[in-house]
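Here the structure comes first, spelled out in structure tokens, and everything after it is commentary.
Number of protein chains: 2
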Amino acid sequence: MLSKKCKYAIHALVYLAERHGQGPVQIGEIADQQKIPKKFLEAILLELRNGRILNSKKGKGGGYYLQRNPEEINLTEVIRLTNGPIALLPCVSLNFYESCEECVNEKNCTIRTTFLTIRDETLKILSESNLSALVKKQKKDRK
Amino acid sequence: MLSKKCKYAIHALVYLAERHGQGPVQIGEIADQQKIPKKFLEAILLELRNGRILNSKKGKGGGYYLQRNPEEINLTEVIRLTNGPIALLPCVSLNFYESCEECVNEKNCTIRTTFLTIRDETLKILSESNLSALVKKQKKDRK
DNA sequence: GATTAGTCTACTAATTTTATAGGATTAACT
DNA sequence: AGTTAATCCTATAAAATTAGTAGACTAATC
Chain A
-17 MLSKKCKYAI HALVYLAERH GQGPVQIGEI ADQQKIPKKF LEAILLELRN GRILNSKKGK
43 GGGYYLQRNP EEINLTEVIR LTNGPIALLP CVSLNFYESC EECVNEKNCT IRTTFLTIRD
103 ETLKILSESN LSALVKKQKK DRK
Chain B
-17 MLSKKCKYAI HALVYLAERH GQGPVQIGEI ADQQKIPKKF LEAILLELRN GRILNSKKGK
43 GGGYYLQRNP EEINLTEVIR LTNGPIALLP CVSLNFYESC EECVNEKNCT IRTTFLTIRD
103 ETLKILSESN LSALVKKQKK DRK
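Listed below in structure tokens is the structure:
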């Protein structure tokens, strides 16, 4: 399951994507609207900034905004940054690869293929879920 | 990522599936062969037994064995028992459903569809991975 | 230079995961 | 009946991860 941090991150980003191009949005506003503990959100947004998803501006009129267009930010990136690997086994992870200690021999690991297939399917779906697509869906649902 | 408990469970079950029909296998043997801490494995096998995947026999000559044929035991069941929900969000889980606190309105939740699709694809792949299929793969790889 | 808003470091609390210890129970064999 | 070999059960502990908080610092604007 996704961590709260990750879910908070996704919701905050969708919120920011809705306001893309309208200047910085303050942490407090996002926290209030999305019901996220402010201090926790602060740390999360900082991580997203260091992960090159968000930019920030300090001082009056400052806040956070997307570093790229919404269609260029998808959920794989967000999840990797705030939740870790997408694969269910370390030995089939693209970005967080580690050999399984409990695997006697990796190449012939019985369960590897299954989880490799799952990873590929999951990545496919997640990479189609970019912020632009999510915002579009949201607007449609609100009607 | 899957917990160690879950990975241990899967490896133990594949081991037992290989020996299906040859009488009970002792915890100690499985622990040694699969490099699993014995006491931890004990607890895991007990859970699998309570989950109606394994049967056990006490006393001398006792041990664990599959409660059903290998083709009738698939990874969805094993993962749910030893790792929890397969879905990435509680609100799209079949067996562990909970509404998301952080969702303002569930029906129109922006990200729900994405994770519903992932759950369905994952379930499909996992349910095809039954113990019989995994053992077959293993035998083929060993050649 | 006062105000406003993000930045950074460091901590704490709660929860979950990964075990381990030790005795109770059951079955088989002599 | 007694010994041995195995699982069953309860309780606990250590380690890791997650969730959240506090407070001083820095930069931008007016």
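Respectively, the protein sequence lines represent chains A and B.
Read in our numbering, the first sequence has 44 at position 62, and its numbers run on one by one without any break.
Read in our numbering, the second sequence has 2 at position 20, and its numbers run on one by one without any break.
Just so you know, even glycine gets a beta-carbon here, dropped at the ideal spot from N, CA and C.
None of the values given here were measured: they were computed from a predicted structure.
For the region 89 to 100 of chain B, the set of positions with a beta-carbon nearer than 9 Å to some beta-carbon of chain A reads Lys89, Asn90, Cys91, Thr92, Ile93, Thr95, Thr96, Phe97, Thr99, Ile100 in chain order. The three-state reading of DSSP puts Gly10/A in helix, counting H, G and I together. Looking at the backbone, the Cα of Lys(-13)/A and that of Arg1/B are separated by about 44 Å. When 8 Å is used as the limit between beta carbons, Leu27/A is near no residue of chain B, the shortest such separation being about 16 Å. Look at Glu103/A: its C-beta is under 8 Å from a C-beta on chain B. One alpha carbon belongs to Glu103/A, the other to Ala(-1)/B, and they sit about 28 Å apart. A distance of 8 Å or more separates the beta carbons of Asn65/A and Asn112/A. Listed along chain B is no residue with a C-beta nearer than 8 Å to that of Pro52/A; the closest approach is about 12 Å.
When the beta-carbon positions are compared, Ile9/B and Glu24/B come within less than 8 Å of each other.
Per DSSP, Lys39/A is one residue of the beta strand (DSSP E) stretching across 36 to 39. Tyr(-3)/B is bridged by DSSP to nothing; it lacks a bridge partner. In this model, Gly5/B and Val(-4)/A are separated by some 56 Å (Cα to Cα). At least one beta carbon of chain B lies nearer than 8 Å to the beta carbon of Ser111/A. Burial state of Phe97/A is buried, judged by a 10 Å Cβ sphere holding 16 or more other Cβ atoms. Interface flag for Val60/B against chain A is unset, since no Cβ pair is found closer than 8 Å.
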